[in-house]
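>
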Amino acid sequence: MSLQSTRRVRLVALATGAVLALGGPGILASAVAAAGASDGDGMPSRWETRHGLNPTRADAGRDKDHDGLRNLTEYRLDLDPVDEDSDNDGADDGDEVKDGSRSTDPHVRDTDNDGTRDGDEDADGDGFDNEDEDDSLETCLTDDDDRDEDGVDDEDENEQHSGARDSDSDDDGIEDGDEDGDHDGEQNEDEDDSVEDNCEAEHGEDDSDLMGTIISFDAGTGALVINTLASEAHLSLVVTEETEIEFDTSGSGSNDEDGSAADLVPGAEVAEIGMDDGATLEEIELVRAS
38 MSLQSTRRVR
48 LVALATGAVL
58 ALGGPGILAS
68 AVAAAGASDG
78 DGMPSRWETR
88 HGLNPTRADA
98 GRDKDHDGLR
108 NLTEYRLDLD
118 PVDEDSDNDG
128 ADDGDEVKDG
138 SRSTDPHVRD
148 TDNDGTRDGD
158 EDADGDGFDN
168 EDEDDSLETC
178 LTDDDDRDED
188 GVDDEDENEQ
198 HSGARDSDSD
208 DDGIEDGDED
218 GDHDGEQNED
228 EDDSVEDNCE
238 AEHGEDDSDL
248 MGTIISFDAG
258 TGALVINTLA
268 SEAHLSLVVT
278 EETEIEFDTS
288 GSGSNDEDGS
298 AADLVPGAEV
308 AEIGMDDGAT
318 LEEIELVRAS
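Everything in the sequence shown is counted per the working numbering, starting at 38 for the first residue and increasing by one.
What follows is the structure, given as structure tokens:
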């Protein structure tokens with residue numbers, strides 16, 4: 038973590054500690070309200086709105102971008118809560134914060150200034166780039182984003198010398214995923230896929246934007262059954278009044294659209310889910326039918 042980032046975190050911690058020392062949780066709540074957090078979750082409403090969160094929902098404990106960091110942590114560390122890789126260096130924010138390595142910083146693309154982005158470094162010297170280190174362990178929920186929907190994950194675009202926000206980086210009429218950048222006979226979209234990739238589709242293309250499809254939903258009991266794409270297994274979940282239902286708009290540049298229980302119909306495609314420690318569904322993102 039950079040000196041500036043460390044200082045920023047310490048200031049937040051000191052400020053919070055000082056408030057608690059002066060008057061405890063009540064004073065802290067008042068300070069939060071004064072800062073503009075209308076839902077009392079510790080994040081200013083203006084900041085939540087700017088980053089695509091709901092300023093009227095207490096969602097500090099949620100992990101909107103599924104990078105391993107809660108929304109409140111992203112606010113305190115000055116990171117983007119809806120972008121798993123805030124500095125676009127190929128390594129997820131959560132990995133950079135938790136890896137304990139001085140060679141990676143979620144605010145800096147090339148922390149050691151050696152000309153190689155942090156995601157392409159091999160911090161532990163095991164022969165695998167930082168950005169590929171956790172791919173074989175990730176589920177579809179935490180798999181890497183593809184904002185421009187070109188078949189190449191955001192974290193891999195830098196390796197392919199393409200842009201994460203431009204589906205045809207060289208403007209040749211061929212999407213980046215369909216290119217063969219290193220001329221090895223394998224398309225860019227298949228370059229990093231392997232048998233260990235939990236979100237690899239049947240034909241080898243990365244299908245991380247689709248988790249599965251809804252088999253059934255009982256509005257009376259809240260019982261929801263999803264057929265998962267990765268393992269073709271049925272996943273049984275419980276939908277409650279607190280479950281956040283949205284339509285995934287990744288790659289469109291807009292915030293996710295609100296949905297409702299009426300949208301949980303058989304055959305509906307599911308992009309992502311978020312659960313608590315049990316089977317209760319905290320959030321579900323659906324794919325808008327074309």
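By construction, the Cβ of each residue, glycine as well, lies at the ideal position given by its N, Cα and C atoms.
The structure presented is a predicted model; accordingly, all values stated were derived computationally and were not measured.
1. Using 8 Å for Cβ pairs, my map puts Glu168 next to Gly156. What's the rounded Cβ distance?
2. Distance check for Asp130 and Thr141, CA to CA, integer angstroms please.
3. Which class does Val262 belong to by DSSP, given the choice of helix, strand or coil?
4. In the DSSP output, what is Ile251 paired with across the bridge?
5. Under 8 Å by Cβ, that's how I've got Val189 and Asn150 pegged, so tell me the actual separation to the nearest angstrom.
6. Determine which residues share a DSSP beta bridge with Thr317 and list them.
7. Using the Cα positions of Ser245 and Asn108, report the straight-line distance between them to the nearest angstrom.
8. Rounded to a whole number of angstroms, what is the C-alpha to C-alpha distance between Thr148 and Arg154?
9. Are the beta-carbon atoms belonging to Leu323 and Asp300 less than 8 Å from one another?
10. Rounded to the nearest angstrom, what separates Ile211 and Asp122 at their Cα positions?
11. Whole angstroms are fine: how far does the CA of Gly257 sit from the CA of Asp227?
12. Go ahead and label Gly61 buried or exposed: buried means 16 or more other beta carbons lie within 10 angstroms of its beta carbon, across all protein chains shown.
13. Just to confirm my understanding: we take Arg202, look at its own chain, exclude 5 residues before and 5 after, and list those with CB closer than 7 Å. What are they?
14. If I measure Cβ to Cβ from Trp119 and keep anything under 7 Å in the same chain, skipping five residues before and after, which residues do I get?
15. Identify, in the order they occur along the chain, each residue of the same chain with its Cβ nearer than 6 Å to the Cβ of Thr265, setting aside the five sequence neighbours on each side.
16. Please confirm if Pro92 has its CB atom under 8 Å from at least one CB of chain D.
17. So, His198 versus Gly218, is the Cβ gap smaller than 8 Å?
18. Return the CA-CA distance between Glu281 and Glu194, expressed in angstroms with no decimal places.
19. Please classify Asp221 as buried or exposed, where buried requires at least 16 neighbouring CB atoms within 10 angstroms.
20. Just the Cα atoms here: how many angstroms apart are Ala260 and Leu318?
21. With Gly311 as the anchor, note down where its beta strand (DSSP E) starts and where it stops.
22. State buried or exposed for Ser204, treating a residue as buried only when at least 16 other CB atoms are found within 10 Å of its CB.
23. For a test of the three-state rule: what should DSSP assign to Glu223, helix, strand or coil?
24. Would you mind reading off the limits of the alpha helix (DSSP H) that contains Leu109?
25. From Asp255 to Glu278, what distance separates their C-alpha atoms?
26. Given Asp124, which residues of its chain have a CB within under 7 Å of its CB, disregarding the five upstream and five downstream residues?
27. For Glu242, which residues of its own chain have a beta-carbon under 7 Å away from its beta-carbon, when the five flanking residues on both sides are left out?
28. Please return the same chain residues whose Cβ sits closer than 6 Å to the Cβ of Gly311, not counting the five positions on each side in sequence.
To lay it out plainly:
1. For this step, residue 168 is matched to residue 131 along the sequence shown. For this step, residue 156 is matched to residue 119 along the sequence shown. Right, the Cβ-Cβ distance comes to about 4 Å (below 8 Å), so this counts as a contact.
2. By one-based count along the sequence shown, residue 141 stands at place 104. By one-based count along the sequence shown, residue 130 stands at place 93. Looking at the two C-alpha atoms, the distance is approximately 10 Å.
3. By 1-based counting over the sequence shown, the position of residue 262 is 225. Correct three-state label for Val262: strand.
4. Position 214 of the sequence shown, counted from the start, is the residue given in the question as residue 251. Ile251 is bridged to Ile263.
5. Locating residue 189 in the sequence shown gives position 152, where the first residue counts as 1. Locating residue 150 in the sequence shown gives position 113, where the first residue counts as 1. With a Cβ gap of about 26 Å, Val189 and Asn150 do not count as contacting.
6. By 1-based counting over the sequence shown, the position of residue 317 is 280. Answer by DSSP bridge pairing, in chain order: Val275.
7. The count along the sequence shown starts at 1 and reaches residue 245 at position 208. The count along the sequence shown starts at 1 and reaches residue 108 at position 71. With a pLDDT of 44 at Ser245, under the threshold of 50, the predicted position of this residue should be treated as unreliable, and no value is reported.
8. In the sequence shown, the residue the question calls residue 148 occupies position 111. In the sequence shown, the residue the question calls residue 154 occupies position 117. In a straight line, the C-alpha of Thr148 is about 8 Å away from that of Arg154.
9. Position 286 of the sequence shown, counted from the start, is the residue given in the question as residue 323. Position 263 of the sequence shown, counted from the start, is the residue given in the question as residue 300. Yes, these two residues count as a Cβ contact at 8 Å.
10. Within the sequence shown, residue 211 is the residue found at index 174, counting from 1. Within the sequence shown, residue 122 is the residue found at index 85, counting from 1. Each residue's alpha carbon lies about 26 Å from the other.
11. Here the question's residue 227 lines up with position 190 in the sequence shown. Here the question's residue 257 lines up with position 220 in the sequence shown. Rounded to whole angstroms, Asp227 to Gly257 spans 43 Å at the Cα level.
12. As a working mapping, residue 61 is identified with position 24 in the sequence shown. Since pLDDT at Gly61 reaches only 47, below the 50 mark, its modelled position is unreliable, and the value read off the structure follows with that caveat. Gly61 comes out exposed.
13. On the sequence shown, position 165 is the one that residue 202 refers to. These residues qualify, in order along the chain: Arg184 and Asp185.
14. Here residue 119 refers to the residue found at position 82 when the sequence shown is read from its first residue. Note that residue 119 is Val in the sequence shown here, rather than Trp. Once the five neighbours on either side are set aside, the close Cβ partners of Val119 are His88, Gly89, Lys101 and Asp102.
15. By 1-based counting over the sequence shown, the position of residue 265 is 228. Contacts found: Gly249 and Leu272.
16. The displayed structure is made up of one protein chain only, and chain D is not part of it.
17. Along the sequence shown, read from residue 1 onward, the residue named residue 198 stands at position 161. Along the sequence shown, read from residue 1 onward, the residue named residue 218 stands at position 181. For His198 and Gly218, yes; Cβs fall inside 8 Å.
18. In the sequence shown, residue 281 corresponds to position 244, counting from 1. In the sequence shown, residue 194 corresponds to position 157, counting from 1. Near 31 Å, if we compare the C-alpha coordinates of Glu194 and Glu281.
19. If you number the sequence shown from 1, residue 221 lands on position 184. Exposed is the call here.
20. The residue given as residue 260 occupies position 223 in the sequence shown. The residue given as residue 318 occupies position 281 in the sequence shown. Distance between the alpha carbons of Ala260 and Leu318: 10 Å.
21. Looking up residue 311 in the sequence shown gives position 274. Run containing Gly311: Glu306 to Met312, per the beta strand (DSSP E) assignment.
22. The residue you call residue 204 lines up with position 167 of the sequence shown. When all chains shown are included, Ser204 counts as buried.
23. By one-based count along the sequence shown, residue 223 stands at place 186. Correct three-state label for Glu223: coil.
24. For the purposes of this step, residue 109 is identified with residue 72 of the sequence shown, where counting begins at 1. Segment Asn108 to Arg113, the alpha helix (DSSP H) holding Leu109.
25. Here the question's residue 255 lines up with position 218 in the sequence shown. Here the question's residue 278 lines up with position 241 in the sequence shown. The straight-line gap from Cα to Cα measures roughly 13 Å.
26. As a first step, residue 124 must be located in the sequence shown, where it is residue number 87. Cβ within range, chain order: Pro143, His144, Val145 and Arg146.
27. Residue numbering aside, residue 242 sits at position 205 when the sequence shown is read from its first letter. Unreliable placement is indicated for Glu242, whose pLDDT of 39 sits below 50; the coordinate value is still reported in the next sentence. The residues are Gly188, Glu226 and Asp227.
28. Along the sequence shown, read from residue 1 onward, the residue named residue 311 stands at position 274. Contacts found: Glu319 and Glu320.
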